[in-house]
């Protein structure tokens, strides 16, 4: 019958796919003889596109552990080489544009995500960056922060009047979105919009950002397209009505002489740049400071609010780039730096990669840097690079590049195309953290069931001498189940037990203190080094029958990958997150409940 022929064809295709993958795996496991970086095997035609879009930083981490400081991904016919050696990073950010170019690397993404016509946008790009930098220099931030603080306190008072317990991420979203939009786009725009719907549309747009930038057809991404359409329609209507006159964004459109066809798309890009990283950065800064082992950092950060934590002192402390809160914000940003910095080779290159080594890059190939993965490199940030330590020494081995350096490292890009709103973003995150930590009692909300779970875990840990030092820390961290790095869990859970012996040997040599790095959200494995991990957390219980499924994995991996993990019974495993949580490390896997004290807001 005809279906027998179809089955035979499908079986043949499956066999060919297996043979092709085996062939690709063999020949991409070593560096090419001509000095090219190794190519990571992927699927026919699409290559590594879906893996990168779905798993983000976790996928990059796995590839780096297997292939080293330079490797190449195939993105639907285009090659992208990721680099991690400090010498290569310096060259990436400082090379002249006739060797490494910015525009051809990103115009495809700006077209797909924001709908920008490249021929109209990029001639004004440099002027736009310069205009934003002038408008958001530190000397101009005081007036913006005064407006922001007033709006944030109004929203916080309304929140405290209606709820006493809330999720920290939901609270930060509500506290940041509308005030930021009003400061940038003006009160007239906010009054003309349904802000609740606009906020929902924006975060729906943001959640689909990575997948939308990939070659996956937009016809299959209905939620993203609907959200983008609503945002663009809102901007067009308000722009036509003249509601942006006298605002920061309105001045940007006017100074750069952008036509009506481009204005709405630029406004969407500015909104994404202003909020997509600021909201999660504020969450992580507060969440790190709420952990018991960081109580001293929290005390030092709030000590700057003298003589009392009022609006004026919050603004003054947020603007002080030398304060301890500024260091806490920079450290949180360093540990949670999503996305990629991208360029394109404008000529054939011999990219320096350490003493006497170079990687050959062919003209037209993409180059990329992962700030998140690079920030866990001890060559850049010293021992325990994955732990939360605001007192750490700033990045020093990449010098002379504008925008690169300090505690936040590569988070804001570098060189000619560094983030123009960096100072505004850092001050805003510090302001949000100071307001929430000083104006309300933001303490983890522990239920009776969580207390019982903590007691059970403490009892289990007490029985193991190797884990004795975890007894108190794990009991407390069970309250902070939202602090686990979702993308890191994906790397472990997708291929449990897949680490090779060579991988383990390399890690023993490279990380003798068993740092948990990207796999556990920062910190060192306390069972080996005796130091508390900065953000271990446990999200879900085991199956009812007591067995561990393939989607579960001990939070101590990879520190325990030297042999069978003895922590399997003592710690709850993490569930495989939904697709949206796999995309990157920007958002937490689950929210962190906090208690609001209505008596402290004023």
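In the working numbering, the protein residues as written are 1238 to 1839.
Backbone N, C-alpha and C define an ideal beta-carbon position, used for all residues, glycine too.
Helix, strand or coil at residue 1301 [DSSP, three-state]: Look at residue 1301 here: in three-state DSSP terms it is helix.
Limits of the unbroken alpha helix (DSSP H) element including residue 1830: Unbroken run through residue 1830 is the beta strand (DSSP E), 1830 to 1832; no alpha helix (DSSP H).
Own chain residues within Cβ distance below 8 Å of residue 1490, not counting five before or after: Answer for residue 1490: 1476, 1481, 1500, 1503 and 1504, listed in chain order.
Alpha helix (DSSP H) runs wholly inside the segment 1581 to 1657, at least 4 long, in chain order: 1608 to 1611 and 1615 to 1618
Integer-rounded CB distance, given that residue 1286 should sit under 8 Å from residue 1451: Sure, about 5 Å apart at Cβ, within 8 Å.
Inside the segment 1284 to 1340 only - alpha helix (DSSP H) runs reaching at least 4 residues: 1286 to 1304 and 1323 to 1331
Any C-beta of chain C under 7 Å from that of residue 1360: This model lacks chain C altogether, as it is built from one protein chain only.
Assigned secondary structure, residue 1216 (DSSP; H/G/I helix, E/B strand, else coil): Residue 1216 lies beyond the residue range present for the chain, which begins at 1238 and ends at 1839; the question has no answer from this structure.
Range of the contiguous beta strand (DSSP E) that encloses residue 1404: According to the DSSP assignment, residue 1404 belongs to the beta strand (DSSP E) that extends over 1402 to 1404.
Whole-angstrom C-beta distance between residue 1672 and residue 1389, which should lie under 8 Å: That pair is a contact at about 6 Å.
Exposed unless 16 or more other CB atoms sit within 10 angstroms - verdict on residue 1596: buried
Candidates 1283, 1340 and 1529, of which the one nearest residue 1361 by Cα: 1340
Buried versus exposed call for residue 1570 [16 or more other C-beta atoms within 10 Å across all chains shown]: It counts as buried.
Distance between residue 1430 and residue 1456 (C-alpha atoms, nearest Å): Cα to Cα, residue 1456 sits roughly 27 Å from residue 1430.
6 Å CB neighbourhood of residue 1274 in its chain, flanking five on each side removed: 1307, 1308, 1309, 1318 and 1596, listed in sequence order.
DSSP beta-bridge partners of residue 1276: 1309
Simplified DSSP state of residue 1559, which is helix, strand or coil: In the structure shown, residue 1559 sits in coil (DSSP, three-state: anything other than H, G, I, E or B).
Residue 1486 versus residue 1422: straight-line alpha-carbon distance, rounded: 6 Å
Three or more C-beta pairs below 8 Å linking the segment 1525 to 1539 and the segment 1548 to 1567: yes
Distance, residue 1420 Cα to residue 1326 Cα: So the alpha carbons of these two residues sit roughly 35 Å apart.
Beta-carbon proximity check, residue 1566 vs residue 1449, cutoff 7 Å: no
Exposure label - residue 1587; buried when at least 16 CB within 10 Å: Flag for residue 1587 reads exposed.
Option in 1580, 1611, 1556 and 1622 with minimal Cα separation from residue 1385: Answer by Cα proximity: 1556.
Spatial neighbours of residue 1335 in its chain, beta-carbon cut-off 7 Å, leaving aside the 5 residues before and after: 1583 and 1584
Backbone CA spacing between residue 1614 and residue 1496 [nearest angstrom]: 44 Å
Residue 1488: CB within 6 Å of a non-hydrogen atom of the ligand FMN: No copy of the ligand FMN appears in this structure; indeed no ligand is present at all.
Sequence-distant residues of the same chain with beta carbon closer than 7 Å to residue 1589, five excluded per side: In the same chain as residue 1589, and ignoring 5 residues on each side of it, the C-beta atoms closer than 7 Å to its own belong to 1324, 1325, 1328 and 1595, in chain order.
The segment 1528 to 1536 touching the segment 1632 to 1645, judged by at least three CB pairs closer than 8 Å: no
When 1357, 1337, 1303 and 1271 are compared against residue 1603, the one with the closest alpha-carbon: Among 1357, 1337, 1303 and 1271, the Cα nearest to that of residue 1603 belongs to 1337.
Residue 1646 to residue 1608 span [Cα, whole Å]: 8 Å
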